[in-house]
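Residue numbers (the working numbering), protein chains in the order written: chain C, 342 to 672; chain V, 97 to 641; chain X, 12 to 244; chain Y, 10 to 106.
#1: Tell me the start and end of each unbroken beta strand (DSSP E) in the segment 517-541 of chain C that is at least 3 residues and wholly inside, in chain order.
#2: Express the C-alpha separation of residue 181 of chain V and residue 43 of chain X in angstroms, rounding to a whole number.
#3: Rounding to the nearest angstrom, what Cα-Cα distance links residue 138 of chain X and residue 322 of chain V in this structure?
#4: Candidates X:33, X:64, X:118, X:87: which alpha carbon is nearest residue 35 of chain Y's?
#5: For the alpha helix (DSSP H) containing residue 59 of chain Y, list its first residue and its last residue.
#6: Out of curiosity, what's the CA-to-CA distance linking residue 453 of chain V and residue 440 of chain V?
#7: Mind listing the chain V neighbours of residue 521 of chain C? Cutoff is C-beta to C-beta under 7 Å, in chain order.
#8: Please give the ranges of any beta strand (DSSP E) in the segment 394-454 of chain C, keeping only runs that are unbroken, at least 3 residues long and fully inside the region.
#9: I need the straight-line Cα distance from residue 234 of chain X to residue 166 of chain X, nearest angstrom please.
#10: Do residue 640 of chain C and residue 585 of chain C have their C-beta atoms closer together than 8 Å?
#11: For the structure I just gave you, are there three or more beta carbon pairs, one from the segment 285-295 of chain V and one from the segment 611-624 of chain V, closer than 8 Å?
#12: Since residue 483 of chain C and residue 475 of chain V are thought to touch, with beta carbons under 8 Å apart, how far apart are those beta carbons, to the nearest angstrom?
#13: In this structure, what does DSSP give as the bridge partners for residue 460 of chain C?
#14: Among V:433, V:563, V:561, V:551, whose alpha-carbon lies nearest the alpha-carbon of residue 526 of chain C?
#15: Please classify residue 107 of chain X as buried or exposed, where buried requires at least 16 other C-beta atoms within 10 Å of its C-beta.
#16: Hey, is residue 174 of chain X's beta-carbon within less than 8 Å of any beta-carbon in chain V?
#17: Assuming residue 304 of chain V is part of the alpha helix (DSSP H), what are its boundary residues?
#18: So for residue 508 of chain C, helix, strand or coil by DSSP?
#19: What residues from the segment 148-168 of chain X come within 7 Å of chain V, judged by C-beta to C-beta, listed N to C?
#20: Cα-Cα, which of C:578, C:400, C:608, C:448 is closest to residue 375 of chain V?
#21: Count the other CB atoms, across all protein chains shown, that sit within 10 Å of the CB of residue 92 of chain Y; report buried if there are 16 or more and exposed otherwise.
#22: Looking only at its chain, what residues have a beta carbon closer than 7 Å to the beta carbon of residue 537 of chain V, apart from the 5 residues adjacent to it on each side?
#23: Listing by chain order, which chain X residues have their CB less than 8 Å from the CB of residue 617 of chain C?
#24: Does the CB of residue 53 of chain X have a neighbour CB from chain V at under 8 Å?
#25: Mind checking who residue 442 of chain V pairs with in its DSSP beta bridge?
#26: Taking 8 Å as the CB-CB cut-off, is residue 75 of chain Y touching chain V?
#27: Let's test the definition: count the other Cβ atoms within 10 Å of the Cβ of residue 85 of chain Y and tell me whether it reaches 16, buried, or not, exposed.
#28: Output the distance between the C-alpha atoms of residue 474 of chain C and residue 507 of chain C, rounded to the nearest integer angstrom.
#29: Are the beta-carbon atoms belonging to residue 108 of chain V and residue 611 of chain V less than 8 Å from one another?
#30: So who's on the other strand from residue 484 of chain C, going by DSSP bridges?
#31: Could you work out which residues of chain Y lie near residue 186 of chain X, taking near to mean beta carbons separated by less than 9 Å?
#32: Along the chain, where does the beta strand (DSSP E) containing residue 600 of chain C start, and where does it finish?
#33: Taking all protein chains shown into account, do 16 or more other C-beta atoms lie within 10 angstroms of the C-beta of residue 481 of chain C, making it buried, or fewer, making it exposed?
#34: Evaluate residue 503 of chain V with the Cβ neighbour count: other Cβ atoms within 10 Å of its Cβ, from every protein chain shown; 16 or more gives buried, anything less gives exposed.
#35: So which residues on chain Y does residue 308 of chain V lean against when the C-beta distance must stay under 8 Å?
#36: Please compile the residues from chain Y whose C-beta is within a distance smaller than 9 Å of the C-beta of residue 482 of chain V.
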């Protein structure tokens, strides 16, 4: 019976259980509170109904009661807030070393690119037990990447990256929905998340047509666009040396310090004059409209791969030689 | 209307003082304007309701087989726009508020009668624009107008819809302005702030929101229209604009707008419950101040609509904690209404049944709001049917229940006739059952992950959708019934005397229907609000048809 | 002023039926206007919010756009508006004292100042049109890139500055036009002698509106014209 | 009633003050004060606005508290809009987007 009418979707990620726990707590709390109110209303309505020649007794109110039923709920609310905030914080903080998969949304499909170079449309294959970070952007309007079985959802915006992450726990095929209304075929912008055992996943990786790894693609685009002319691998270039830049704080010309994350790299390609690195001139041409979202993703992946940080490669910890970068671009 | 007046022709009142179209279209009498509003919002309610039924019918099957995808998108867009801007926001303030605010405080009219008429005309102009927009193709952006879809991608009548809502917004602003000035300046001698009916407090709070929130929506829509026309780039990411800025500005109004819809209903319930419990309201001050608190805190929480939209983590935390703040005054109200019934003398007339319904459904709507304010859960359920169910519990379960309760409660005052009590109770029951059957399954659907605004959906969601559609047909019957018997009662209803419920409040101290200037002479108030110990109980309303 | 019954009777026509006293009516109108101005603050507030967000993000483009505006015309217009506010304030005073001729003259002066402001605004907009600084298909900020090589300008972001410039000054100008319209009516009725020391509420609330439009400009002036005028180093 | 006829001298005085402040703000904007350019410009604009509100709009002389409340609350609401929006924009670069 309850197989036909489930109360929650499959629970297939490490985070799903946490969300459900809070949900069940809230369902119990809400049921208790509504029942309490319903029973009180019903009880008073019956006990004090007029047919019993009930005479009303005038009662002014009670400050003590008012304070009680303001403060106690507020206390409970704060507990819910804290609990919800902790879950949210975890949902929005991808662990170090997660595999990074790029997602490009457009009306009305999901284009997905694995770091190894596999490309998929409306399907995402992932192995069980690995942290996956999705780096997402949209070509047109706002979409939202929603996987009910993982209890995660994140709007996918044009013009910048948003991210979400998960670690799948149960092999299976799960829904992928677009959850932000995006036009005619909004309800058709759905797909599948295929969670596989690691061995199967390796087989799947080996089986598909690959286009070369994302970072390698990025490198060839980097060459084609002539970027190395200025962004040289030494300190003599007209643009900063990009080695080891990703993920580091960078001093800008106006004194601000920003972290060179995906959105910074993206902005620096599309609108280079916005945040110029200290010590360099704003001479880089604007690439807005000249590179596609996919090429941009590849470029970001390439620049990331120039940092020895283990963020690009899937979960393999690397021994990073300390203190070897971040000096060059400050000159 | 004319016949009802003919029977009570011996006495002049606002309905029979003048006749003819002119006397209505050029009236500055707040009571007549209220009736103009009543007719127009009822029309739009059924327009919006018609769209709702089509939506539910489409969702009967998982495949999109009744209407085209584009048509479906237009249906939910127009349903939202019509219901929010042309029914819910004007509903209680413009009809019951217009009729009652001056009467309850002992004034002859609102402070600016001509502006009051102007705001009805603005509403009508906006309504005609909206109808024109609908019949010439409609818009498909969702009522939320999210950019850049609305500005750069939708190829439907977005500009016309936007301008229509812009004009409707000014109608709403002027109504709010009129109420605030009236409540401040027009109170009868002795009508101090602590003697004001809670209906007035609720409308005061509502008006504050209308005054300070609506302009932000208006300017945002202007920017959307300009962006569409001239490509300004303010909300366009390809030109460096930020689509989230639109969402911030939009929700700055549209979240408090929910309180524009629900606060007046709370005011209605605060009148009905004491009357049918024969008791002074429990905790008058707490209920009055909680209305103001809702109006103020309501402005601090808007970005809880945007937890997954790409706002910063820290901002999300701030808005989440503030959202819980606004839940407290709502809880206070529910507790106080319930406590009012304690040791009362309770009768089950139709308005009271609606008040019961309101308390129940609002409680559930409010409590599910706690789910949505909890960040971790919101990520999963936002933009799903959970949200749809939640806000329909507030707006339909809450606001519309309150509206219908108020209409029954004050119908004798408005028309001078009683509605048929048995039918009234039956309709209340049908609405309650139909509503729950329609919207409760949607909570489960939402947690299961069915996104909102879906024209077709995976087959596993069908059972709950069928339940919901079944409920909606029952709900429709429940809504048509009152309209039928209200019309019927204008000719055949029992004649109502001045105060059929034995209710407190100045509006019950004048004739039904009231004379044009409400009172033969301006009353002087020497008693506290809800002095039910001093008012004799009426004879129990019989169930005769 | 007194609210004796005599006043009420003398000025029956102005006292609308639903008010008890003339004072009540006057206070209602005044409160109504103040509330309306509060809504106006929020109306402009939406744009101030957009302005703030983009100015923080695209300061360079805002600075360059601001430099391209005419400091001369902007300042003159500010002075024109301040003068008009003075004539309005004196006009209200004239009405309070029942000096009909003075009132009419001051109101006419206000209208003249209003037209002067709009005319200057028109000149500025026309300059912007010639410079292709009007957002849309023909927008082009190459001249700014050329003029201010020290500032890094992204043309798309520059357009956002000018979008906000035109939206804000345009909305302000619309308010000015409405204000001039109101003052034409007020002048006509003043000339007819409708306003007396006892009844001149329309002059007062019309004046409130005018001062408010002035205040908006008092903020628009530094926010749009004076973002970054310091010598380029 | 709050009808308080001010002397015309007072109005001229305010007018002169407004003119001076206008010239000052234009002049100061050409001097490099770093981040204080904006602060000074806004302070001057606010003092001008205050002068207009208090004197030209007679708020200083009205016995009506309500007018002041309307002004203060509308400014308060504007600040809500600006500050809570900024709570998002000013913390986005901190990551976790």
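Yeah, the Cβ is synthetic: ideal placement off N, Cα and C, and Gly gets one too.
Just so you know, these numbers come straight off a predicted model, no measurement behind them.
In short:
#1: Every unbroken stretch of the beta strand (DSSP E) spanning 3 or more residues and falling wholly within the segment 517-541 of chain C is given here in chain order: 532-537.
#2: Straight-line Cα distance between these residues: approximately 24 Å.
#3: A direct Cα-to-Cα measurement between residue 138 of chain X and residue 322 of chain V gives close to 21 Å.
#4: Closest option to residue 35 of chain Y, Cα to Cα, is X:87.
#5: Start and end: 45-60.
#6: Approximately 18 Å between the Cα atoms of the pair.
#7: By Cβ distance, chain V contributes 479.
#8: Uninterrupted beta strand (DSSP E) stretches at least 3 residues long and entirely within the segment 394-454 of chain C occur at 440-447, 450-454, given in chain order.
#9: Counting only the Cα atoms, residue 166 of chain X lies some 20 Å from residue 234 of chain X.
#10: No, Cβ-Cβ distance for residue 640 of chain C and residue 585 of chain C is not below 8 Å.
#11: Judged by Cβ distances under 8 Å, the segment 285-295 of chain V makes contact with the segment 611-624 of chain V, as three or more pairs qualify.
#12: That pair is no contact at about 16 Å.
#13: DSSP, once it has assigned bridges, lists C:454 as partnering residue 460 of chain C.
#14: Looking only at V:433, V:563, V:561, V:551, the smallest Cα-Cα distance to residue 526 of chain C is reached by V:551.
#15: Classification of residue 107 of chain X: buried, given that the 10 Å Cβ count is 16 or more.
#16: With a threshold of 8 Å between beta carbons, residue 174 of chain X makes contact with chain V.
#17: That run of the alpha helix (DSSP H) goes 294-326.
#18: Looking at residue 508 of chain C - three-state DSSP - the assignment turns out to be strand.
#19: Taking 7 Å as the upper bound on Cβ-Cβ separation, chain V lies near residues 165, 167, 168 of the segment 148-168 of chain X.
#20: Of C:578, C:400, C:608, C:448, the residue nearest in Cα terms is C:400.
#21: Classification for residue 92 of chain Y: exposed.
#22: For residue 537 of chain V, the CB contacts under 7 Å within the same chain, skipping 5 residues up- and downstream, are 560, 563, 564 in chain order.
#23: Residues of chain X whose Cβ lies closer than 8 Å to the Cβ of residue 617 of chain C are, in chain order, 163.
#24: It does; some Cβ of chain V falls within 8 Å.
#25: C:390.
#26: Yes, its Cβ sits closer than 8 Å to a Cβ of chain V.
#27: Counting Cβ neighbours within 10 Å, residue 85 of chain Y comes out exposed, since fewer than 16 surround it.
#28: About 7 Å.
#29: Taking a C-beta distance under 8 Å as the contact criterion, residue 108 of chain V and residue 611 of chain V qualify as a contact pair.
#30: DSSP output for residue 484 of chain C lists C:497 as bridge partner(s).
#31: Near residue 186 of chain X there are no residues of chain Y at all, since even the closest Cβ is about 15 Å away, more than 9 Å.
#32: Under the DSSP assignment, residue 600 of chain C falls in the beta strand (DSSP E) whose first and last residues are 598-600.
#33: By the 10 Å Cβ count, residue 481 of chain C comes out buried.
#34: With 16 or more other Cβ atoms from the protein chains shown falling within 10 Å of its own Cβ, residue 503 of chain V counts as buried.
#35: What residue 308 of chain V touches in chain Y, judged by beta-carbon distance under 8 Å, is 82, 83, 86, going in chain order.
#36: Proximity of chain Y to residue 482 of chain V at the Cβ level (cut-off 9 Å) is not reached, the minimal Cβ distance being about 24 Å.
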